[in-house]
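Enquirer: Number 230 in my numbering belongs to position 226 of the sequence shown; there are no gaps in the numbering. Note that the Cβ used here is the ideal one computed from N, Cα and C, for glycine as well.
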Amino acid sequence: MSKKNKQMNNNTKHLITKINPKSPISEQYRILRTNIQFSGIDQTINSVVVSSIEPEAGKSMTAANLAVVYAQQGKKTLLIDADMRKPTAHYTFRLDNLMGLSNALVDGHRVTDVVAKSDVDNLDVLSCGPIPPNPSELLASNRFESFLKEAQGLYEMIIIDTPPLIAVTDARILVNLVDGTLLVARKDQSEYEQLEEAVEQIKQSADNLLGVVLNDVDKKEDDYYYYYS
């Protein structure tokens, strides 16, 4: 099996909300969705950045599964793979990556020109596209802000997967453009000091932290995901 196919299989098998929507893990994602919805006291939460404090925390799978449960609720949902350094959405949803976010930002494509329909009802996916040499500059551009506003007019919920918050500036750029931010951490891997640093960065940027998703809390059965407001 090729490296690409191994990556596709590895990502797809963990899209538990699609494969087994009645599982306890899928229920945790629905609880996460509900908690996000109740977080919008003064405004409706229609766009969320999902980031982490380090690689391999499970942020991309969290973003993908969260997008699926929003779509299963009947909301027209868009998952944007804005991790233009290590993209995964095209593997997870078995899409090609020839056209995506980088094309839109470089060439000025409209949202409808670059999104792809997934095999989940109500869920569209915008893959990364060809990896650019300057992702931070593209995400900080006026063109991305305009692109996101266009998407917000077309979708009821937008989930944006970003690189780890501390490693590069990409996520910090995006938290200012969305309604809320989720941090993903992994039990026994994520350092508390780094988590505190990430929380402080979000407060300084937009002060829209919704909570922290902690992975691998219970390894007896599988990866579990918890939400802390």
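Report the three-state DSSP secondary structure of residue 203 (helix, strand or coil).
Expert: Reduced to three states, the DSSP call for residue 203 is helix.
Enquirer: Any chance the segment 200–220 sits against the segment 179–189, with 3 or more Cβ pairs inside 8 Å?
Expert: The segment 200–220 and the segment 179–189 touch, with no fewer than 3 CB-CB distances between them shorter than 8 Å.
Enquirer: Work out the CA separation of residue 53 and residue 200 for me, nearest whole Å.
Expert: 18 Å
Enquirer: Who are the Cβ neighbours of residue 198 in its own chain at under 8 Å, not counting the five residues just before and after it?
Expert: 57, 58 and 170
Enquirer: Compute the distance between the beta-carbons of residue 175 and residue 166, then report whether it is under 8 Å.
Expert: It is a contact, given that the beta carbons lie within the stated cut-off.
Enquirer: Compute the Euclidean distance between the alpha carbons of residue 14 and residue 94, then round it to the nearest angstrom.
Expert: Summary for residue 14: the model assigns pLDDT 48, below 50, so the residue's position carries little reliability; its value from the coordinates is reported in the next sentence. The straight-line gap from Cα to Cα measures roughly 12 Å.
Enquirer: Which residues does DSSP list as the beta-bridge partners of residue 161?
Expert: According to the DSSP secondary-structure assignment, residue 161 is paired through a beta bridge with 81.
Enquirer: Ignore the nearest five residues each way along the sequence and tell me which others in residue 10's own chain have a CB closer than 8 Å to its CB.
Expert: Any reading at residue 10 is ruled out, since the residue's pLDDT is 42, under 50, leaving its predicted position unreliable.
Enquirer: For residue 128, report the span of its beta strand (DSSP E) as first-last.
Expert: 127–130
Enquirer: Decide yes or no for the touch test of the segment 62–78 against the segment 138–156: beta carbon pairs closer than 8 Å, at least 3 of them.
Expert: These segments do not touch.
Enquirer: Could you tell me the distance, in whole angstroms, from the CA atom of residue 153 to the CA atom of residue 90?
Expert: 24 Å
Enquirer: Which residues in the same chain as residue 179 place their Cβ atom closer than 7 Å to its Cβ, once the five residues preceding and following it in sequence are excluded?
Expert: 53, 185, 206, 209, 210 and 212
Enquirer: Taking 8 Å as the limit between beta carbons, can you name the residues of its chain near residue 118, skipping five residues before and five after?
Expert: 103, 104, 105, 107, 108, 130 and 133
Enquirer: For residue 84, which option in 204, 164, 191 and 195 has the closest C-alpha, if you only look at C-alpha atoms?
Expert: 164
Enquirer: Helix or strand or just coil, what does DSSP make of residue 107?
Expert: In the three-state scheme derived from DSSP, where H, G and I count as helix and E and B as strand, residue 107 is classed as helix.
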